[in-house]
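Working notes, structure below.
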Amino acid sequence: MRAEQPGADDGLDQAACAFLELRPRLFGIAYRMLGSVAEAEDILQEVWLRWQRTDRTVVLDPPAFLAQTTTRLAINVAQSARARREAYVGPWLPEPVDTSADPAVGAERGEAVELAVLLLLEKLSPTERAAYVLREAFDYPYGQIADILQLSAVNTRQIVSRARKRLSAERRERVDAAEHRRLVEVFLAAARAGDVSALEELFAANVVSYTDGNGMRGAARIPVVGQTRVAKFIVAFGPRFWPGADLEWVEANGRPGVLISHNGTDTALLNIEAMPQGIHTLMWVMNPVKLEAFARSRE
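Under UniProt numbering, the final residue of the sequence shown carries the number 299; numbering is consecutive throughout.
If you want it as structure tokens, here you go:
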């Protein structure tokens, strides 16, 4: 840490300009590490406060200093977030953001901001997550990542390599954007029609459906797995869910999604992941807090 200056700083305007210029990248680091807009915003507020108090005359590289501060704070929050995730009722999914409204969020290597990738990142330790995000999403040099994490360059390379291999082992081949949208459209038609057979044909053998509702009524509290089970689950809740529903195509975390509302109130955000063999992941964000955050990201 740098020595802090008490009182006002004549260079506060310059400090604000430097911070605001870097803010999209800093937010991108924190959000990718935590999967939460609110937590990322809280971190940026703390970074700004620390930046104001820091003796900036001895900071040779402001972008590096701010990235380091953001990353270390995000690691601390990620460590404490594990306990909160365990107390969460039902599956936890990352908080989605509208990347069409805020393109800076996904501007650098946008794949690393997709909901499915953010969900996989939760399986890494906070330090592994930080190293992976800095390298894969923002292309930081290994030496700079090592400085940020206070590790050796060799150790940093090993951490990134392990994280990359672990995530690659769980990721699947993706379909292109046109096929992705077609599969969503066919899924919606089959789901609204209550057609179990059509749904089964759409799904990969190991398809899984996650519903993030944090205990709200009607939200499944465990993942549903398998073609037949997922198809029957979708059809079972259909009569209570689809009548009167309005559907809107949105861009959620760089991928096409469907925002579902009833009587003007958002009730679910659907995001799917698909491979040539069919849809393998359904992610239903139904937690009202997360839906409200998504709505704010569109403003």
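The beta-carbon is built from N, C-alpha and C at its ideal position, and this holds for glycine as well.
- Under the DSSP assignment, Gly278 falls in the beta strand (DSSP E) whose first and last residues are 278–285.
- Out of Arg25, Val285, Glu273, Gly218, the CA that lies nearest to the CA of Val117 is found in Glu273.
- Scanning the segment 174–253 from its first residue to its last, the whole beta strand (DSSP E) runs of 3-plus residues come out as 203–212, 245–252.
- Gln79 counts as exposed, since fewer than 16 other C-beta atoms from the protein chains shown sit within 10 angstroms of its C-beta.
- Beta bridge pairing from DSSP links Glu273 with Thr281.
- Secondary structure note for Ser261: its beta strand (DSSP E) is the uninterrupted segment 255–262.
- The three-state reading of DSSP puts Thr99 in coil, since its state is none of H, G, I, E or B.
- Put simply, the backbone Cα of Ile43 is about 44 Å away from that of Glu201.
- Residue nearest to Gly226 within the set Ala205, Met286, Ala18 is Ala205 (criterion: CA-CA distance).
- At the C-beta level, Asp246 and Ile234 stay beyond 9 Å of one another.
- For Asp55, the three-state secondary structure derived from DSSP is coil.
- Here the alpha carbon of Thr70 sits roughly 6 Å from the alpha carbon of Leu26.
- Unbroken beta strand (DSSP E) stretches of 3 residues or longer found wholly inside the UniProt domain "RNA polymerase sigma-70 region 2" (21–81): none.
- Assigned with DSSP and collapsed to three states, Asp13 falls in helix.
- The beta carbon of Gln68 is closer than 8 Å to those of Asp147, Ile148 in its chain, skipping five residues each way along the sequence.
- Between Tyr142 and Ala153, the C-beta spacing is below 9 Å.
- With a beta-carbon spacing of about 5 Å, Val160 and Ala131 fall inside the 8 Å limit used to define contacts.
- When secondary structure is reduced to three states using DSSP, Asp147 falls in the helix class.
- Taking a contact as a CB-CB distance under 8 Å, the pair Gly35 and Pro94 counts as one, their CB atoms being some 3 Å apart.
- According to DSSP, residue pairing for Thr265 in a beta bridge involves His262.
- By the criterion of a C-beta distance shorter than 7 Å, Leu20 is surrounded by no residue of its chain, once the five residues flanking it on both sides are discounted.
- In this structure Trp92 is buried. Its beta-carbon is surrounded by 16 or more other beta-carbon atoms within 10 angstroms.
- If you compare the alpha carbons of Val37, Leu66, Ile145, Val289 with that of Leu49, the shortest gap goes to Leu66.
- Glu251 sits away from Asp13, with the two beta carbons spaced by 9 Å or more.
- The segment 184–193 makes no contact with the segment 283–291, as fewer than three CB pairs between them are under 8 Å.
- For Met33, same chain residues with a beta-carbon under 7 Å away, outside a window of 5 residues either side, are Ala74, Ala78, Arg129, Ala130, Val133 in chain order.
- Contact annotation, Arg166 with Met275: C-beta distance approximately 19 Å; criterion of less than 8 Å not satisfied.
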